[in-house]
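Contents: one structure, followed by commentary.
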Amino acid sequence: MQAQSGVELTVLGSWSLPKEGQEGIESFLRDLSTIFPQERWLQIRRQMGKMGFTCEVLKRHQSGGAAQEKAKKKKKEEEEKEEGEDGEEEEEDEDEKVIFVHYEQRKVMLSQIHPIDSGETDDKTGAPPELKQMFQTVASSQPLFFMDKYDDGPLKSTHWQSDGREASILVELLKQASVPLCLLLGWLLGVWTWICNIRVFSLFPLRFLSSKLSTCVQLSYRTEHMRTLSSPKAAADHTHFMRKANILVSILVDVALGVLLMWWLYRDDHIPMLANMLVPAADHVATKLEELLQWLMGAPAGLKMNRALDQVLGRFFLYHIHLWISYIHLMAPFIEGILWYGGLSACLGLSFALSLLSDMVALFTFHIYCFYVYGARLYCLKIYGLSSLWRLFRGKKWNVLRQRVDSCSYDLDQLFIGTLLFTILLFLLPTTALYYLVFTLLRMVVVLFQGVLHLSVDFINSFPLFAVGLRVTRPYRLAEGVKFRVLCEEPGTALHLLMEINPLKCSTVVQTYRSPTYSCYPRDSWAALVKKLFVGELIYPWRRKTTKAD
Amino acid sequence: MGPDGAPGQAVPWRKVLWERQPFPDNYVDHRFLEELRRNEGIRQYRYWAVVKEAGFVGQQLSCVAIFITFWLYMEEGLLTPETLLWTSLLCVLLGYGLHQALTSQTESCSEPRTRLADLQSAAIFLSFTFGFSPVLKTLTESVSTDTVYAMSAVMLLAHLLSFPYSQPSPPGSLSLNAALFASVCLASRLPGALHTFAMLSCALLVFALWPCLLQRMRENAPHQFTGMCVGVCIAGVGGLGSQTLGGAVLLSLALVSVTLLCPLLLVWLQRHKDNIHGPWDEAEIHEDLSRFLH
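If you read the sequences in order, they're chains A and B. Residue 15 is where the first sequence starts when you use this note's numbering, and the numbers rise one by one after that. Residue 13 is where the second sequence starts when you use this note's numbering, and the numbers rise one by one after that.
Below you can see the structure in the form of structure tokens.
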């Protein structure tokens, strides 16, 4: 310990009331020195009615004198009694001052330091050098605090003493019971993973579907979480412990919210009401779409459209909508059953219910997605063709090897056909562009709604509830550093400071303990998105990171 | 070296700067600018030769006028599309025969373009035009008439400006495309898909095939070429005059100015030409490098 921290340590003398004289100390010291081999002892005395302490250093052979050290001393809690009033003393630099620093041992033992870039000693650069030395000593005795933890061996000499003996027995029992529980969970997960990896499920359509449906994705995330939780070993260090605790608390909160949702859904006939609302809502959406198409087929906003192409496109999309409505009406009797069974999935958690909702929205607006893809592909083809034919119009060609535009002498028939096509594409551009714009806007609305759902699911997945709760209820456990408060500053006595733990800020807590892997964020910047819209490329604005076990 | 104004008779001045001479650096002697040559190699234009060449420009102008005449007739309903189609076909066959007749033996060996390839091209043209004519007809329905006329005028002007007058046989991309674009715009105004088809075939004939024939004539029968130009000009003026007198007057004015006035101006302005050449010009290769190309 001494080698690691670099300061000299010795064992203090015990606390004694100033009733006895100095002579009794001698024998006391001699008795004590048979047990403890230290050379020097610090005697601390307090006079009745005064706040400050005076202290002296006594050598074993009582060659005292005021030595220049800094000292630390532990302070007990009121409820508990500790055997042995040991303390440590650190020596440095032979100053004249003694500074007492009190701290609460239990809090320091339970807290976890989160080192930030600037160390503790840096924030007192203008202070007088003795304070700086004191802080430096505090900082260099950090290993001492680290080693002072609750022990986990079979024979426990320290315990959760603040909560009483009963609570500590309960905690120990829970700890013992958690091991077989974890084993059971691990076995269940193994069975589930084996089922998922059956060959028949690896066929192409199922695999593709399961990667697109957000319910399946959410299921795989939760499986990963459970796998983290179900390892029978205890957490190796603080980060793992916090991670496990966060996952556990977030799963519990998720399931609780899901059960609440289920309770609301299944009482008072909410499900049949929802089912009865759904089909007319789909019909209403289809009617609105038909009206929109009729408007486009006329002269929308006074724009001049090519009538023939307009009619063709409009009729094509109308037929699509007609097909879709027939499909919805076909499914109408089964919707209530689907909703009833789908609502059961909320018992797995609110995030599952939200994912299921997102999937259902995607399925019900599939025709909008189809329209968008048709419109976008047509528009993209047109833009591509137009740009290429414009180059032909001017007598130039795109050189793929050099990635530049070169001049080219075309044949007569190439020129002829190229000009005809160019004319046709140019005059048909406003019509196609309008259809593309309308369907892109519709698709963006749906994508936004789905994006909100996904964001909330990711929020539930990754928000560190346990860490935030810990910060609010027991702030000393997540420490950013220490701060000192002056308890007593009388001249002639030692300076008496109280060391308190400086808790982390809430934003730092969230940032540090957030699960990093499961966020979904926009794929393109605004400029790239606008360019893609202009050219007609298909847009899938949300990108999802693949799951990786950290 | 001091500024020695008087030329040293003992040491003649040489036009070098790497030697120390008893003259200042900017000294020049009586042989200054003796290598200057004025107006070397300019061509002396003769009026009637220039007029003959300018006739080609006038001819192209008249071609455009003839095309517009056809369009005007079709729009008035005085010309049926079938008539136009059969006439075009006849002209194509005649022209093709003339073209083949004018091609000499040596040229036909170096250009292995078979009759079959020509037939194939013709088939492609006809099928595409016929297939697209219903689409082409509806293209400018929603565009106002003034816009259509303006676009056509701009495109025809672009065609005239970018026409490769020196070598019309491989047609210039921009000129041909502009002319076809203008013809599509105009043809879509006509009532009926067959009208569109006929108009487009006529445009193809006038703008794409006719210059090839002219090129052959210019190479192999220059006198007939001149006669043909004059004939076309007269036909253009006459055709336009049968529909709009103002148009005919404008066309004839334009023809006169292009064919007669502009050469006069060119020849007259040659007197003011003042080019200087000297040893500072870029080096030109005077050898015939074609012996290096196989």
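Glycine included, each C-beta is placed from N, C-alpha and C at the ideal position.
| Asked | Found |
| --- | --- |
| Nearest-angstrom Cα separation, counted from residue 148(B) out to residue 200(B) | 6 Å |
| Exposure of residue 228(B), with buried meaning 16 or more beta-carbon neighbours within 10 Å | buried |
| Local Cβ density within 10 Å of residue 239(A), reported as buried at 16 or more and exposed below that | buried |
| Runs of beta strand (DSSP E) lying entirely within the stretch 367-443 of chain A, each at least 3 residues, in chain order | 410-413 and 418-421 |
| As assigned by DSSP and simplified to three states, the class of residue 126(A) | strand |
| Own chain partners of residue 126(B) with C-beta closer than 6 Å, once the 5 adjacent residues on each side are dropped | none |
| Segment contact, 8 Å Cβ cut-off, at least three pairs: the stretch 157-170 of chain B with the stretch 181-194 of chain B | yes |
| Contact set between the stretch 316-333 of chain A and chain B, restricted to residues whose Cβ is under 9 Å from the partner | 317, 318, 319, 320, 321, 322 and 323 |
| CB contact below 8 Å: residue 152(B) versus chain A | yes |
| Chain B contact for residue 423(A) (CB, 8 Å cutoff) | yes |
| Chain A within 8 Å of residue 213(B), Cβ atoms only | no |
| Chain A contact residues for residue 188(B), given Cβ-Cβ distances below 7 Å | 429 |
| Residues near residue 338(A) by beta carbon distance below 6 Å, same chain, minus five either side | 381 |
| Backbone secondary structure at residue 497(A) - three-state DSSP | strand |
| Where residue 289(B) falls, given that 16 or more other Cβ within 10 Å makes a residue buried | exposed |
| Cβ neighbour criterion (16 or more within 10 Å) applied to residue 32(B) | exposed |
| Buried versus exposed, by CB contacts within 10 Å (16 or more), residue 541(A) | exposed |
| Residue interval of the beta strand (DSSP E) (run including residue 513(A)) | 509-517 |
| Proximal residues to residue 121(A) (C-beta, below 7 Å), its chain only, five neighbours per side dropped | 490 and 515 |
| Residue 216(B): contacting residues in chain A (beta-carbon distance under 8 Å) | 430 |
| Cα-Cα separation between residue 70(B) and residue 85(B), rounded to whole angstroms | 22 Å |
| Status (buried if at least 16 other CB within 10 Å, exposed otherwise) for residue 191(A) | exposed |
| Cβ shell of residue 485(A) (< 7 Å), same chain only, five flanking positions each side left out | 492, 517, 518, 520 and 523 |
| Neighbour list for residue 399(A) in chain B, Cβ cutoff strictly below 9 Å | Neighbours of residue 399(A) on chain B: none; closest Cβ ~14 Å, over 9 Å. |
| Interfacial residues, the stretch 352-364 of chain A to chain B, with Cβ spacing under 8 Å | none |
| Close-in-space but distant-in-sequence residues of the same chain around residue 138(B) (CB under 8 Å, 5 per side omitted) | 213 |
| Under the three-state DSSP convention, the category residue 48(B) falls into | coil |
| Enclosing alpha helix (DSSP H) for residue 261(A) [first to last residue] | 252-280 |
| Option in 501(A), 456(A), 257(A) and 194(A) with minimal Cα separation from residue 307(A) | 456(A) |
| Span separating the alpha-carbon of residue 539(A) from that of residue 394(A) | 20 Å |
| Residues that DSSP places opposite residue 288(B) in a beta bridge | 50(B) |
| Terminal residues of the alpha helix (DSSP H) in which residue 205(B) lies | 205-216 |
| Residues near residue 360(A) by beta carbon distance below 6 Å, same chain, minus five either side | 272, 275, 276 and 367 |
| Residue 51(B) classed as buried or exposed, judged by whether at least 16 other C-beta atoms fall within 10 angstroms | exposed |
| Closest Cα partner of residue 272(B) within the set 34(B), 38(B) and 59(B) | 59(B) |
| C-alpha gap between residue 133(A) and residue 451(A), whole angstroms | Model confidence at residue 133(A) stands at a pLDDT of 42, short of 50, so the residue's coordinates are unreliable; what they give is reported in the following sentence. Whole-angstrom Cα-Cα distance: 56 Å. |
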